[in-house]
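Numbering (UniProt numbering), first residue to last: 1 to 158.
Positions of the beta carbon are idealized from the N, C-alpha and C atoms, including for glycine.
The model shown is predicted, which means the values in this text are computed figures rather than measured ones.
The structure under discussion appears below in the form of structure tokens.
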């Protein structure tokens, strides 16, 4: 009985690894810039929450920011309290790296860049590279470092 359970645990672990590899390959093929910016798993969750990549591309960045927090948003609107600052994006590594007081600002900036990346992936040419996603991630990491150091200046992002 114990050997059978051990075999099942190993099968589940192998299935999970196979599924993770599949999601990684599909996300790189379907949404390379979004994947470079937020990662495979979070990108897949955003697309799943929006329905399709094209639907995600149609959403403004303010909606992308709170995807996954709809219940909290409507509860806050109903009771006239503060609305949520982040939904699924809370799990992004850039948000987790930020100090608590900067998480809302980082969520807003990440949602803006994720929205642009999704639009390029959905409406751009097939076989597009990941240049925008990589540049956006580098910009956000640099901006986070500046905000934490207190040396914020206007940076042109071209």
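Between the C-alpha atoms of residue 40 and residue 86, what's the straight-line distance to the nearest angstrom?
19 angstroms
First and last residue of the uninterrupted alpha helix (DSSP H) at residue 2
2 to 30
The segment 59 to 77 touching the segment 12 to 27, judged by at least three CB pairs closer than 8 angstroms
no
Three Cβ pairs or more, each shorter than 8 angstroms: is that satisfied between the segment 25 to 33 and the segment 71 to 90?
In this structure the segment 25 to 33 does not touch the segment 71 to 90; the number of beta carbon pairs closer than 8 angstroms is below three.
With respect to the alpha helix (DSSP H) encompassing residue 139, which residues constitute its N-terminal and C-terminal limits?
131 to 149
Distance between residue 10 and residue 59 (C-alpha atoms, nearest Å):
40 angstroms
With DSSP collapsed to three states, give me the class of residue 91.
Note: residue 91 maps to helix in three-state DSSP.
Are the segment 96 to 104 and the segment 121 to 133 in contact at 8 angstroms, needing three or more beta carbon pairs?
no
Just the Cα atoms here: how many angstroms apart are residue 43 and residue 150?
30 angstroms
Nearest residue (CA-CA) to residue 54, options 130, 121, 73 and 74
121
If the criterion is Cβ atoms closer than 8 angstroms, does the pair residue 93 and residue 113 meet it?
No, the Cβ-Cβ distance between residue 93 and residue 113 is not below 8 angstroms.
Cutting at 8 angstroms between CB atoms, please list the residues of its own chain near residue 148, excluding the five before and the five after it.
98, 99 and 102
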